[in-house]
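Using numbering that gives the first Met the number 0, the first residue of the sequence shown is number 0, and each one after it goes up by one. Comments concern the structure below.
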Amino acid sequence: MPLFPPQPERVAIVTGGTEGIGFATAKHLARLGMHVIIAGNNDSKAREVVRRIQEETLNDKGT
Numbered sequence: 000m001p002l003f004p005p006q007p008e009r010v011a012i013v014t015g016g017t018e019g020i021g022f023a024t025a026k027h028l029a030r031l032g033m034h035v036i037i038a039g040n041n042d043s044k045a046r047e048v049v050r051r052i053q054e055e056t057l058n059d060k061g062t
């Protein structure tokens, strides 16, 4: 897997970010310091995923 430099000034929108490959992608982008927006159908599930990603990556820029 290639290593990417930090991306603190970038924004990413991840559809399907509450599970599977979308979740893994959102978490990886958050680790790079990006502001990650997760688009999904279940608001409560999305909020829980944002909380988990913020906790695991120490990145508080998720929505």
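Don't be surprised by glycine CBs; every beta carbon is placed ideally from N, CA and C.
Span separating the alpha-carbon of residue i from that of residue j
i	j	result
V10	S43	22 angstroms
R30	F3	10 angstroms
G39	L28	17 angstroms
V35	K60	7 angstroms
Given residue i as reference, the closest of the options once Cα atoms are compared
i	options	result
V13	N58, T24 and G32	T24
E47	K26, G32 and M33	K26
E8	M33, N58, R51 and R50	M33
CB of residue i within 9 angstroms of CB of residue j, strictly
i	j	result
T17	N41	yes
task = Let me know the alpha helix (DSSP H) ranges lying completely inside the stretch 25 to 62, each 4 residues or longer, listed in chain order.
result = 42 to 56
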